[in-house]
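Everything below concerns the one structure shown next.
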Ligand SMILES: Nc1ncnc2c1ncn2[C@@H]1O[C@H](COP(=O)(O)OP(=O)(O)OP(=O)(O)O)[C@@H](O)[C@H]1O
Ligand SMILES: [Mg+2]
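In the working numbering, the protein residues as written are 30 to 293.
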């Protein structure tokens with residue numbers, strides 16, 4: 030169905046995973062996430078869809094290694110996740126959380142490459158490519174405080190794509206973008222994924238975006254005790270057409286799922 034390459038060392042195994050921020054009170058914990066079970070195959074494009082506050086960012090940040098688990102299993106390949114790693118790149122929901130305020134756009138984009146000791150000429154070449162891709166050429170010398178929310182989000186995207194990690198963890202990455210840039214970025218991300226075989230976990234509120242991009246869509250229930258309750262397979266060829274009948278039908282099915290949840 031896709032050209033993505035399956036790689037077992039990137040498989041993400043989540044079993045009986047729980048997260049609580051509380052200390053035990055009278056022997057009981059208040060769980061944000063309870064009994065999350067999913068296996069995301071290496072090379073897969075997996076979408077997490079769920080209501081606001083259910084724990085999508087928490088789950089993504091646990092996979093990233095920024096938030097610790099309370100109980101259960103969370104593995105990338107054979108290794109339990111304890112901390113962030115170069116194999117996993119994160120696009121945060123809040124761009125401010127990840128940009129260095131003292132570095133300009135180009136320096137922010139090149140930061141990871143510099144850490145990896147990539148030569149200056151190569152860094153320039155890579156960063157120019159992705160800065161252009163996200164439509165920030167001409168803004169290379171600006172600092173984060175001089176950028177709009179959507180522009181900051183695009184700097185994050187350019188940086189993550191430049192770093193070339195094998196696993197991309199993306200938390201509503203296109204939420205702050207205007208419709209046109211959003212569509213361009215969706216197409217480009219899908220194209221990059223198909224070309225490179227990266228594993229992508231993509232969080233969104235937007236059902237159409239989920240159906241446009243994902244091979245599978247995991248639906249999270251409302252919190253507390255949120256879990257992945259259902260997984261939809263998206264059997265359509267890429268690139269996908271949101272105007273196509275089967276596409277719209279699946280969108281409606283997923284929408285009905287949420288309408289049903291909310292009436293309970
Ligand atoms: N550091 C924290 N300490 C305590 N509770 C937290 C913390 N971070 C998140 N939470 C709680 O965990 C729950 C899930 O939050 P999270 O940000 O993961 O939701 P989300 O699904 O990403 O929501 P949204 O779609 O609005 O971004 C919320 O009830 C939130 O209040
Ligand atoms: Mg969130």
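Virtual Cβ for every residue (Gly too), placed ideally from N, Cα, C.
Using CA coordinates, which residue listed in the options is at the minimum distance from residue i?
i: residue 193; options: 228, 102, 65, 233; result: 228
i: residue 90; options: 158, 172, 201; result: 201
i: residue 159; options: 217, 276, 204, 232; result: 217
i: residue 96; options: 107, 106, 111; result: 111
i: residue 221; options: 197, 209, 175; result: 197
i: residue 240; options: 129, 100, 77, 38; result: 77
i: residue 40; options: 108, 61, 99, 50; result: 108
i: residue 99; options: 209, 50, 203; result: 50
i: residue 211; options: 242, 224, 265; result: 242
i: residue 224; options: 195, 278, 204, 280; result: 195
i: residue 203; options: 132, 189, 238; result: 238
i: residue 235; options: 281, 264, 265; result: 281
i: residue 189; options: 213, 147, 119; result: 119
i: residue 179; options: 81, 258, 122; result: 122
i: residue 132; options: 272, 58, 176, 279; result: 176
What is the DSSP secondary structure of residue i, counted as helix, strand or coil?
i: residue 161; result: helix
i: residue 269; result: coil
i: residue 146; result: coil
i: residue 251; result: coil
i: residue 66; result: strand
i: residue 112; result: coil
i: residue 137; result: helix
i: residue 276; result: helix
i: residue 6; result: Examination of residue 6 is not possible in this model, given that the chain is present from 30 through 293 alone.
i: residue 45; result: strand
i: residue 38; result: helix
i: residue 78; result: strand
Below 6 angstroms CB to CB, which residues in the same chain sit around residue i once its five sequence neighbours on both sides are set aside?
i: residue 163; result: 183, 186, 187
i: residue 262; result: 245
i: residue 64; result: 45, 256
i: residue 43; result: 65, 67, 103
i: residue 75; result: 69, 230, 245
For residue i and residue j, I'd like the C-alpha separation in whole angstroms.
i: residue 207; j: residue 140; result: 26 angstroms
i: residue 134; j: residue 168; result: 7 angstroms
i: residue 274; j: residue 267; result: 15 angstroms
i: residue 48; j: residue 127; result: 23 angstroms
i: residue 30; j: residue 215; result: Any reading at residue 30 must be qualified, since the residue scores a pLDDT of 40, below 50, and its modelled position is unreliable; the value itself is stated next. Going by the C-alpha atoms only, they are around 18 angstroms apart.
i: residue 293; j: residue 286; result: With a pLDDT of 46 at residue 293, under the threshold of 50, the modelled position of this residue cannot be trusted; read the value that follows with caution. Going from the Cα of residue 293 to the Cα of residue 286 covers about 11 angstroms.
i: residue 155; j: residue 144; result: 14 angstroms
i: residue 165; j: residue 288; result: 39 angstroms
i: residue 85; j: residue 171; result: 32 angstroms
i: residue 92; j: residue 199; result: 11 angstroms
i: residue 161; j: residue 59; result: 46 angstroms
i: residue 278; j: residue 106; result: 35 angstroms
Would you call residue i buried or exposed, if buried means 16 or more other Cβ atoms sit within 10 Å of its Cβ?
i: residue 79; result: buried
i: residue 191; result: buried
i: residue 137; result: buried
i: residue 233; result: buried
i: residue 247; result: buried
i: residue 284; result: exposed
i: residue 129; result: exposed
i: residue 260; result: exposed
With a threshold of 8 angstroms on Cβ separation, who are the neighbours of residue i within its own chain once the five nearest residues in sequence on each side are excluded?
i: residue 83; result: 249, 250, 251, 252, 255
i: residue 94; result: 110, 111, 112, 113, 114, 117
i: residue 125; result: 173, 181
i: residue 87; result: 48, 61, 62, 96
i: residue 152; result: 139, 142, 143
Within the 8 angstroms Cβ cut-off, does residue i reach chain B?
i: residue 232; result: The question asks about chain B, but that chain is absent: this structure has only one protein chain.
Got a sec? Which residues, its chain only, sit under 7 angstroms from residue i by beta carbon, not counting five neighbours each side?
i: residue 219; result: 242, 267, 268
i: residue 276; result: 240, 265, 269, 270
i: residue 101; result: 44, 45, 46, 47
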